[in-house]
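Colleague:
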Ligand code: SF4
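In the numbering used here, the protein residues as written are 339 to 533.
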């Protein structure tokens with residue numbers, strides 16, 4: 339059963355726009371406390387701005403527990419022009435990643451992995467709620483405005499995303515080597531814990 343479901347999820351990832359997708363073992367995901375510390379020192383402008391980032395997430399300790407509980411990890415990568423990652427389009431591009439991992443989480447839950455959990459990169463606040471004064475999920479309302487689209491950031495859990503790329507068999511270099519910046523490519527990545 340697992341093989342069919344995993345094959346389906348890999349195909350679905352590509353249909354939904356992933357440039358690359360791979361299933362890896364949970365023990366190949368590296369979680370490092372020092373990486374999660376970077377959210378606070380130096381302080382990310384989005385620290386404390388949404389439920390999906392520190393201090394509202396359980397950090398490396400919680401993620402290590404998640405990994406122990408899951409059977410497989412679906413890793414997805416979107417390859418994009420570097421200029422779109424570094425420029426004004428960044429929130430839109432990061433939103434695509436959130437939407438991709440959320441959609442795959444939902445598909446995984448429907449196909450045998452009832453506790454699947456998706457994780458994206460970067461804070462959801464600038465991607466979804468930039469025009470809102472606050473994250474609704476941390477107010478007394480306690481409800482995310484985009485429950486089927488926004489997902490927690492891997493950064494706050496200390497996941498080493500460069501190593502994750504290598505574990506999936508891909509380059510961990512953030513930029514390709516073209517001299518012309520306009521032709522450089524980069525990537526963003528997320529994962530779905532399958533349990
Ligand atoms: S309400 Fe907005 S900022 Fe808060 S978790 Fe949801 S998408 Fe993120």
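Idealized CB from N, CA, C, for every residue including glycine.
Could you spell out the range, first to last residue, of the alpha helix (DSSP H) harbouring residue 444?
Modeller: That run of the alpha helix (DSSP H) goes 428–448.
Colleague: Checking 8 Å against the spacing of the C-beta atoms, do residue 502 and residue 468 come in under that value?
Modeller: Against a cut-off of 8 Å, the Cβ pair of residue 468 and residue 502 comes out as no contact.
Colleague: Measure from the C-beta of residue 405 to each C-beta in chain B and report whether the shortest distance is under 8 Å.
Modeller: Absent from the structure: chain B. Only one protein chain is present.
Colleague: Could you give the DSSP three-state label for residue 495: helix, strand or coil?
Modeller: It is helical.
Colleague: Span of the beta strand (DSSP E) holding residue 417?
Modeller: Segment 410–419, the beta strand (DSSP E) holding residue 417.
Colleague: Applying the 10 Å Cβ sphere with the 16-neighbour rule, what's the burial state of residue 403?
Modeller: Its Cβ having fewer than 16 others within 10 Å, residue 403 is exposed.
Colleague: For residue 436, count neighbouring C-beta atoms within 10 Å of its own C-beta (all shown protein chains included) and say buried if the count is 16 or more, exposed if not.
Modeller: That one is buried.
Colleague: Quick one: residues with CB closer than 6 Å to any heavy atom of the ligand SF4, in chain order, please.
Modeller: Cβ-based neighbours of the ligand SF4 within the cut-off: 388, 389, 390, 462, 463, 466, 467, 473, 474, 475, 482, 483, 484 and 488.
Colleague: For residue 488 and residue 353, I'd like the C-alpha separation in whole angstroms.
Modeller: Cα to Cα, residue 488 sits roughly 19 Å from residue 353.
Colleague: Taking just the CA atoms, how far does residue 423 sit from residue 530?
Modeller: Cα-Cα distance, rounded: 22 Å.
Colleague: Whole angstroms is fine: what's the gap from residue 346's alpha carbon to residue 450's?
Modeller: So the two alpha carbons sit approximately 11 Å from each other.
Colleague: According to DSSP, which residues form a beta bridge with residue 532?
Modeller: Note: residue 532 sits in a beta bridge opposite 410.
Colleague: Got a sec? Which residues, its chain only, sit under 6 Å from residue 466 by beta carbon, not counting five neighbours each side?
Modeller: So the list reads 484 and 488, once near-sequence residues are dropped.
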